[in-house]
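This report concerns only the one structure given below.
Residue numbers (my numbering): 1270 to 1561.
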């Protein structure tokens, strides 16, 4: 593996994440200034800082109960808990996450909570389909989200996005009342602020999606750092992609190839990067030809 390439990739994704959050915060502050002047802009700025510093994350029990997940005890999955213990030490987490069983035939896994109170849910379909090597890679990926504090960052982005949408709505209402005044004065309304006001919700949503994709790429990198097994992660990603295809695509004659499914299309509207891009980056980073 290329250590220089790994460091540059890590730095690039960290900078991308910081830039995306900064753009969201500036957009919110700009809308606040349009609506309430400098005073409201400063209030919005202070609010963003406080949200970032004291941003709450939903308790894992709340998230998992919504998915009807139940605890997966060590006596039920000793191998998985051995994996969790090893990865917890490598990730330098204060405590290992509790595993949960998700009663779903789909291949799915997700993390909830933060470092001191975290959980990882594994679906029935995932446990049934992946081998131990692939499960280790998936758990390492989810633990990377926990170690990177991605859940807190996405919660912060969600709150800022929600406040931005509220400000945009208030601004649009004020705009409706202000348009007659501009027309009576014979003045053209300012085009750029209006476009930003109308487009802010969409811009914020796209930034949140880009931030999520950025986190997925970085979690892939750190997962391999924890597990030392890029082949296992690539195999798991491809298997998840293949098994989570719609039923008609899996069985009809025009079944698509799993490594080329997102070469076109609106991938920027997805929370996760295309599988082929993730595998390609793993291949580039670790300079191995046997990932697929």
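Yeah, the Cβ is synthetic: ideal placement off N, Cα and C, and Gly gets one too.
Could you compute how far the alpha carbon of residue 1304 sits from the alpha carbon of residue 1436? Cα to Cα, residue 1304 sits roughly 8 Å from residue 1436.
Assuming the contact rule is C-beta atoms closer than 8 Å, residue 1402 and residue 1501 should be a hit. Round their C-beta distance to whole Å, please. That pair is a contact at about 4 Å.
Under 8 Å, with one C-beta from each stretch per pair, do the region 1330-1338 and the region 1458-1470 reach the 3-pair mark? No, the region 1330-1338 is not in contact with the region 1458-1470.
What residues in its chain sit with their C-beta under 7 Å from that of residue 1439, if we drop five residues either side in the sequence? Excluding residues within five positions, the ones whose Cβ falls inside 7 Å are 1304.
Jot down the residue ranges of each uninterrupted alpha helix (DSSP H) in the region 1325-1386, minimum 4 residues, whole runs only, in chain order. Listed in chain order, the complete alpha helix (DSSP H) runs (minimum 4 residues) inside the region 1325-1386 are 1329-1335, 1347-1360.
Sequence-distant residues of the same chain with beta carbon closer than 6 Å to residue 1294, five excluded per side: Cβ neighbours of residue 1294 beyond the five flanking positions: 1317.
Which value, in whole angstroms, describes the spacing of the CA atoms of residue 1475 and residue 1344? Their Cα atoms are separated by approximately 43 Å.
How would you call residue 1277, buried or exposed, if buried means at least 16 neighbouring beta carbons within 10 angstroms? For residue 1277, the number of other beta carbons within 10 angstroms of its own is below 16, and it is reported as exposed.
Give me, in chain order, the residues of the same chain whose beta-carbon lies closer than 7 Å to that of residue 1406; leave out the 5 immediate sequence neighbours on both sides. Here the set comprises 1492, 1496, 1498, 1501, 1502, 1505.
With three or more beta-carbon pairs closer than 8 Å as the criterion, would you say the region 1311-1325 touches the region 1445-1463? With a cut-off of 8 Å, the region 1445-1463 and the region 1311-1325 do not count as touching, because too few Cβ pairs lie within range.
Where do the ends of the alpha helix (DSSP H) carrying residue 1401 lie? Element bounds for residue 1401: 1401-1416.
Look at the alpha carbon of residue 1275 and the alpha carbon of residue 1490, and state the distance between them as a whole number of angstroms. Residue 1275 and residue 1490 have their C-alpha atoms spaced approximately 8 Å apart.
Own chain residues within Cβ distance below 6 Å of residue 1424, not counting five before or after: 1324, 1326, listed in sequence order.
Do you know whose CA, among 1411, 1377, 1433, 1373, lies nearest residue 1309's CA? Nearest of 1411, 1377, 1433, 1373 to residue 1309, Cα basis: 1433.
Could you say if the region 1440-1453 and the region 1475-1486 meet the contact criterion of at least three C-beta pairs nearer than 8 Å? As far as the Cβ criterion goes, the region 1440-1453 does not touch the region 1475-1486, which means the pair count is below three.
Identity of the residues DSSP links to residue 1389 by a beta bridge: DSSP lists 1368, 1380 as the bridge partner or partners of residue 1389.
Coarse secondary structure for residue 1541, derived from DSSP in three states: Under the three-state reduction of DSSP output, residue 1541 falls in the coil class, being neither helix nor strand.
Do residue 1382 and residue 1388 have their C-beta atoms closer together than 7 Å? Cβ distance < 7 Å, so residue 1382 and residue 1388 count as in contact.
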